[in-house]
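Asker: Before I ask anything, here is the structure I am working with.
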Amino acid sequence: MIDSALLNASVSELHQLLTTRQVSSAELTKGYLERIDLLNGKLNAVVTVCAEQAIEDASRADERRTRGEGNILTGIPLLHKDIFCTQGVTTTCGSRMLEHFVPAYDATVVARLKAAGVVMLGKCNMDEFAMGSSNETSFFGAVKNPWDTNCVPGGSSGGSAAALAAGMAPLVTGTDTGGSIRQPASLCGVTGLKPTYGRVSRLGIIAFASSLDQAGPMARSAADCAHMLTAISGLDTGDSTSADRAVPDFFSELTGDISGLRIGMPREYFNDDLDSEVRAQVMSALTELEKAGAQLVDIDLPHSHYAIATYYVLAPAEASANLARYDGVRFGYRCADPADLEDLYFRSRSEGFGEEVQRRILVGTYALSAGFYDAYFNKAQQVRRVISDDFRSAFQSVDIIAGPSAPGVAFPFGAKQQDPVAMYMEDIYTLAVNLAGLPGLSTPAGLVNGMPVGLQLIGKPFDESTILNAAHRLQLDTDWHRARPAIEDHVA
Amino acid sequence: MSISQEDVEKVALLARLSIAQTDLPEVTERFGRVLQLVNELNTIDTEGVAPMSNPHDMVQRLRPDVVTGSDEREALMSCAPAQDQGYFLVPKVID
Numbered sequence: 001m002i003d004s005a006l007l008n009a010s011v012s013e014l015h016q017l018l019t020t021r022q023v024s025s026a027e028l029t030k031g032y033l034e035r036i037d038l039l040n041g042k043l044n045a046v047v048t049v050c051a052e053q054a055i056e057d058a059s060r061a062d063e064r065r066t067r068g069e070g071n072i073l074t075g076i077p078l079l080h081k082d083i084f085c086t087q088g089v090t091t092t093c094g095s096r097m098l099e100h101f102v103p104a105y106d107a108t109v110v111a112r113l114k115a116a117g118v119v120m121l122g123k124c125n126m127d128e129f130a131m132g133s134s135n136e137t138s139f140f141g142a143v144k145n146p147w148d149t150n151c152v153p154g155g156s157s158g159g160s161a162a163a164l165a166a167g168m169a170p171l172v173t174g175t176d177t178g179g180s181i182r183q184p185a186s187l188c189g190v191t192g193l194k195p196t197y198g199r200v201s202r203l204g205i206i207a208f209a210s211s212l213d214q215a216g217p218m219a220r221s222a223a224d225c226a227h228m229l230t231a232i233s234g235l236d237t238g239d240s241t242s243a244d245r246a247v248p249d250f251f252s253e254l255t256g257d258i259s260g261l262r263i264g265m266p267r268e269y270f271n272d273d274l275d276s277e278v279r280a281q282v283m284s285a286l287t288e289l290e291k292a293g294a295q296l297v298d299i300d301l302p303h304s305h306y307a308i309a310t311y312y313v314l315a316p317a318e319a320s321a322n323l324a325r326y327d328g329v330r331f332g333y334r335c336a337d338p339a340d341l342e343d344l345y346f347r348s349r350s351e352g353f354g355e356e357v358q359r360r361i362l363v364g365t366y367a368l369s370a371g372f373y374d375a376y377f378n379k380a381q382q383v384r385r386v387i388s389d390d391f392r393s394a395f396q397s398v399d400i401i402a403g404p405s406a407p408g409v410a411f412p413f414g415a416k417q418q419d420p421v422a423m424y425m426e427d428i429y430t431l432a433v434n435l436a437g438l439p440g441l442s443t444p445a446g447l448v449n450g451m452p453v454g455l456q457l458i459g460k461p462f463d464e465s466t467i468l469n470a471a472h473r474l475q476l477d478t479d480w481h482r483a484r485p486a487i488e489d490h491v492a
Numbered sequence: 001m002s003i004s005q006e007d008v009e010k011v012a013l014l015a016r017l018s019i020a021q022t023d024l025p026e027v028t029e030r031f032g033r034v035l036q037l038v039n040e041l042n043t044i045d046t047e048g049v050a051p052m053s054n055p056h057d058m059v060q061r062l063r064p065d066v067v068t069g070s071d072e073r074e075a076l077m078s079c080a081p082a083q084d085q086g087y088f089l090v091p092k093v094i095d
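Protein sequence lines, in the order shown, are assigned to chains A and B. Quick note: the first sequence uses this note's numbering, first residue 1, plus one each step. Quick note: the second sequence uses this note's numbering, first residue 1, plus one each step.
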């Protein structure tokens, strides 16, 4: 069995070991597959394991490296969130609706990573259709947080975050529509980045809210996120909202120099909604950045309060339109013995979708229906601009914005399940970033009562480099990102 | 603005979702809580603000109208729950 220290190594370290032939991709892949086998019964983080294909791909990556080909990601094992279409591999989106759906093509993110020689180990559990902040809405059962298996891992990329924290893969993908990368990254103590809207192609990502959805990397460090971001970013003509912007080598932009960096601290993000111990941890992370030469500046994002209301009109509205495609006819779940076409539609959808998904479809349908369109959808799109303008004004005087990633640490299962609004509050610090289309990341900022806290860093549009560099600086100066849960003790 | 069970049933009809009568009170109650949350939007003045549908105010990019990709009909049809000779099968619609 492979050394567990190796399973917690960074991509850069693994690349070094692969280059010097101290380990092969095939050995690494087997090591991670064993780790998944060992821990997944406890965590339920992975829904599909592709063992045979992974070992084959790993051998091919080893051959590439032997020929002197490839790049830093060649032969590095990875898990994809089960929202990314993977050709020939079941893609469930955490839903009964897509329990047996086998896509005919790869998402662009999957194809680009495959071309780089990354080895897909399998697919990660998630909240159904990415709608949730605790992973409790998955049709395949909740994911458990490796730091405390009585607690949620966050969501919706909770399977990805938990698998990464437990050492099941060195690199995972996530998607973030309102916080679904940053909040679980915070709750599981890993680094996760939501890129600028348009930076990463949405082709082949099962749609939730198309004007908000973005895919991004989750890893053990900002440096590892930078490597993956470089590989997945860039124009894709298959996604009409994909941005035609030059993609830097994000890793080479990590100078670690943040002297003179102006960091804005929104007063609205440090108010009473924030757990006081979490606030203390976030402040100690900001103090570290200050010691490294950054300047902390108080700022205002006066309409922050409206982000939740705006989001919970726009995201359900877009979702209700996107999820209209699930009709029991062309793909996905179909009810048994439909009496007629109407019965086929109604029962396939009601049996195929879970409670939270149905609630959002209902809310979205309501917001788009005749008589309510102006009062809800149009109004929310106006407030979206007001919120976006707040950020634009703030960025006149600061380079990045910092705050907490989530209002607290991971909470016990069931704690917020009965009240949808209480669950929605989990994303109060992340939603506005999606509304404004900005890049945001969460980096570990220590523990509160043994559970991880995340610092969120928000950047200007297409300036992922500056927030990654600030997180990198923090990770050079502190060991918070190296903290690992003692999950093996639970298994033994 | 609160919502009645009747309103919820009407919206469910539009969304092609069926809600069991026994679930209706709870669905309505939770729907109402979400509406109460989003009704906060009424407290902000947005007179003259242009609605934002894309965060970068990007417009759709057009491409030349030429055939791209390959014919994947068979692979795509294989995802259908019921099909025959290239057609999706549905229950009888016309007697």
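From the three backbone atoms N, C-alpha and C, an ideal C-beta is built for every residue, glycine too. The structure displayed is predicted, hence computed values, not measured ones.
Hey, could you find the ends of the alpha helix (DSSP H) residue 53 of chain A is sitting in?
Answerer: Position 53 of the first sequence, counting from 1, holds the residue named residue 53 of chain A. Where residue 53 of chain A is concerned, the enclosing alpha helix (DSSP H) stretches over 51-66.
Asker: Ordered along the chain, which non-local residues of its own chain (more than five positions away) have a Cβ less than 6 Å from that of residue 160 of chain A?
Answerer: For the purposes of this step, residue 160 of chain A is taken as residue 160 along the first sequence, with counting starting at 1. So the list reads 81, 124, 172, 174, 218, once near-sequence residues are dropped.
Asker: Which bits of chain A does residue 51 of chain B rub up against, with CB to CB less than 8 Å?
Answerer: Here residue 51 of chain B is taken as the residue at index 51 of the second sequence, counted from 1. Within chain A, the residues near residue 51 of chain B are 378, 381, 382, 384, 385.
Asker: Quick check: is the beta carbon of residue 338 of chain A nearer than 7 Å to any beta carbon in chain B?
Answerer: Position 338 of the first sequence, counted from the first residue, corresponds to residue 338 of chain A. Residue 338 of chain A counts as touching chain B.
Asker: Keeping to the same chain, check which residues put their C-beta closer than 8 Å to that of residue 291 of chain A; ignore five residues upstream and five downstream.
Answerer: As a working mapping, residue 291 of chain A is identified with position 291 in the first sequence. The answer, listed in chain order, is 477.
Asker: Is the beta carbon of residue 190 of chain A sitting closer than 7 Å to the one on residue 165 of chain A?
Answerer: Locating residue 190 of chain A in the first sequence gives position 190, where the first residue counts as 1. Locating residue 165 of chain A in the first sequence gives position 165, where the first residue counts as 1. Yes.
Asker: Mind checking the segment 401-425 of chain A against chain B and listing, in chain order, the residues whose C-beta falls within less than 8 Å of any C-beta there?
Answerer: Hits within the stretch, in order: 419, 420, 421, 424.
Asker: Kindly confirm or deny that the segment 328-342 of chain A and the segment 274-290 of chain A touch, where touching means at least three C-beta pairs closer than 8 Å.
Answerer: Touching, no.
Asker: Mind listing which residues of the segment 24-54 of chain B have their C-beta closer than 7 Å to chain A's C-betas, in chain order?
Answerer: For the segment 24-54 of chain B, which is checked against every Cβ of chain A, the residues closer than 7 Å are 30, 31, 33, 34, 37, 38, 40, 41, 44, 46, 49, 50, 51, 52, 53, 54.
Asker: So, using beta-carbon positions, are residue 46 of chain A and residue 163 of chain A closer together than 7 Å?
Answerer: Stepping through the first sequence from its first residue, residue 46 of chain A is reached at position 46. Stepping through the first sequence from its first residue, residue 163 of chain A is reached at position 163. Contact: yes.
Asker: On the DSSP letters alone, give me the boundaries of the beta strand (DSSP E) that residue 423 of chain A sits inside.
Answerer: Mapped onto the first sequence, residue 423 of chain A falls at position 423. That residue, residue 423 of chain A, is in no beta strand (DSSP E); its alpha helix (DSSP H) goes 420-424.
Asker: In terms of alpha-carbon separation, which member of A:452, A:103, A:347, A:401 lies closest to residue 18 of chain B?
Answerer: Residue mapping note: residue 18 of chain B aligns to position 18 of the second sequence, counting from 1. Considering only alpha carbons, the answer is A:347.
Asker: Report the residue from A:407, A:466, A:473, A:365 whose alpha carbon sits nearest the alpha carbon of residue 270 of chain A.
Answerer: On the first sequence, position 270 is the one that residue 270 of chain A refers to. Ranking A:407, A:466, A:473, A:365 by Cα distance to residue 270 of chain A puts A:407 first.
Asker: So, with DSSP's three-state summary, where would you put residue 82 of chain A?
Answerer: Your numbering for residue 82 of chain A matches position 82 in the first sequence. Coil at residue 82 of chain A, not helix or strand.
Asker: Pull up the DSSP beta-bridge partners for residue 402 of chain A, would you.
Answerer: Against the first sequence, residue 402 of chain A aligns to sequence position 402. In DSSP, residue 402 of chain A forms a bridge with A:457.
Asker: Can you find a CB in chain A that lies within less than 7 Å of the CB of residue 6 of chain B?
Answerer: Position 6 of the second sequence, counting from 1, holds the residue named residue 6 of chain B. Cβ-Cβ to chain A under 7 Å: no for residue 6 of chain B.
Asker: Enumerated in chain order, which unbroken segments of the alpha helix (DSSP H) with a length of 4 residues or greater are wholly contained in the segment 280-335 of chain A?
Answerer: Listed in chain order, the complete alpha helix (DSSP H) runs (minimum 4 residues) inside the segment 280-335 of chain A are 307-322.
Asker: Tell me where the beta strand (DSSP E) around residue 265 of chain A begins and ends.
Answerer: Numbered from its first residue, the first sequence carries residue 265 of chain A at position 265. 262-266 is the extent of the beta strand (DSSP E) around residue 265 of chain A.
Asker: Which first and last residues belong to the alpha helix (DSSP H) in which residue 379 of chain A is found?
Answerer: As a working note, residue 379 of chain A is residue 379 in the first sequence. Counting along the chain, the alpha helix (DSSP H) containing residue 379 of chain A begins and ends at 379-394.
Asker: Comparing the C-beta of residue 437 of chain A with each C-beta of chain B, is any distance below 7 Å?
Answerer: Stepping through the first sequence from its first residue, residue 437 of chain A is reached at position 437. So, interface residue.
Asker: Who are the Cβ neighbours of residue 492 of chain A in its own chain at under 7 Å, not counting the five residues just before and after it?
Answerer: By one-based count along the first sequence, residue 492 of chain A stands at place 492. Any answer about residue 492 of chain A is weak, because its pLDDT of 44 lies below 50 and its placement is not dependable; what the coordinates show is given next. Nothing listed; no residue qualifies.
Asker: Identify each residue in the segment 189-200 of chain A for which the Cβ-Cβ distance to at least one residue of chain B is less than 9 Å, and report them in chain order.
Answerer: Listed by position, the residues of the segment 189-200 of chain A near chain B (Cβ gap below 9 Å) are 196, 197, 198.
Asker: Under the three-state reduction of DSSP, which class applies to residue 84 of chain B: helix, strand or coil?
Answerer: Here the question's residue 84 of chain B lines up with position 84 in the second sequence. Looking at residue 84 of chain B - three-state DSSP - the assignment turns out to be strand.
Asker: I'd like to know whether the C-beta atoms of residue 368 of chain A and residue 93 of chain B end up nearer to each other than 7 Å.
Answerer: Sequence index remark: in the first sequence, residue 368 of chain A carries index 368 (1-based). Sequence index remark: in the second sequence, residue 93 of chain B carries index 93 (1-based). No.
Asker: Indicate whether at least one CB of chain B lies closer than 7 Å to the CB of residue 372 of chain A.
Answerer: One-based indexing of the first sequence puts residue 372 of chain A at position 372. Taking Cβ atoms only, chain B never reaches closer than 7 Å to residue 372 of chain A, which makes this a no.
Asker: Mapping DSSP to helix, strand and coil, what is residue 26 of chain A?
Answerer: As a position in the first sequence, residue 26 of chain A is number 26, starting the count at 1. It is helical.
Asker: My parser needs the beta strand (DSSP E) runs of 3 or more residues fully inside the segment 183-249 of chain A; what are they?
Answerer: Runs of the beta strand (DSSP E) inside the segment 183-249 of chain A: 191-194, 214-219.
Asker: Can you pull the chain A residues whose beta carbon is under 8 Å from the beta carbon of residue 11 of chain B, in chain order?
Answerer: Your numbering for residue 11 of chain B matches position 11 in the second sequence. Simply 362, 365, 366, 369.
Asker: Between the C-alpha atoms of residue 88 of chain B and residue 82 of chain B, what's the straight-line distance to the nearest angstrom?
Answerer: Within the second sequence, residue 88 of chain B is the residue found at index 88, counting from 1. Within the second sequence, residue 82 of chain B is the residue found at index 82, counting from 1. For residue 88 of chain B and residue 82 of chain B, the distance between alpha carbons rounds to 6 Å.
Asker: Going by beta carbon distance, what residues of the same chain come within less than 8 Å of residue 73 of chain B, once the five residues before and after it are set aside?
Answerer: The sequence position of residue 73 of chain B within the second sequence is 73, counting from 1. Excluding sequence neighbours, residue 73 of chain B sits near 86.
Asker: I want to see whether chain A comes within less than 7 Å of residue 98 of chain B, judged by CB atoms only; does it?
Answerer: Missing from the structure shown is residue 98 of chain B; chain B here goes from 1 to 95 and no further.
Asker: Would residue 409 of chain A be called buried (16 or more neighbouring beta carbons within 10 Å of its own) or exposed?
Answerer: Here residue 409 of chain A is taken as the residue at index 409 of the first sequence, counted from 1. Buried, by the Cβ-count rule.
Asker: Which residues does DSSP list as the beta-bridge partners of residue 176 of chain A?
Answerer: In the first sequence, counting from the first residue as 1, residue 176 of chain A sits at position 176. DSSP output for residue 176 of chain A lists A:214 as bridge partner(s).
Asker: Can you list, in chain order, the stretches of the alpha helix (DSSP H) that have 4 or more residues and sit fully within the segment 35-91 of chain B?
Answerer: Complete alpha helix (DSSP H) runs here, min 4: 73-77.
Asker: Would you kindly check if the distance between the Cβ of residue 262 of chain A and the Cβ of residue 399 of chain A is under 7 Å?
Answerer: Here residue 399 of chain A refers to the residue found at position 399 when the first sequence is read from its first residue. Here residue 262 of chain A refers to the residue found at position 262 when the first sequence is read from its first residue. For residue 399 of chain A and residue 262 of chain A, yes; Cβs fall inside 7 Å.
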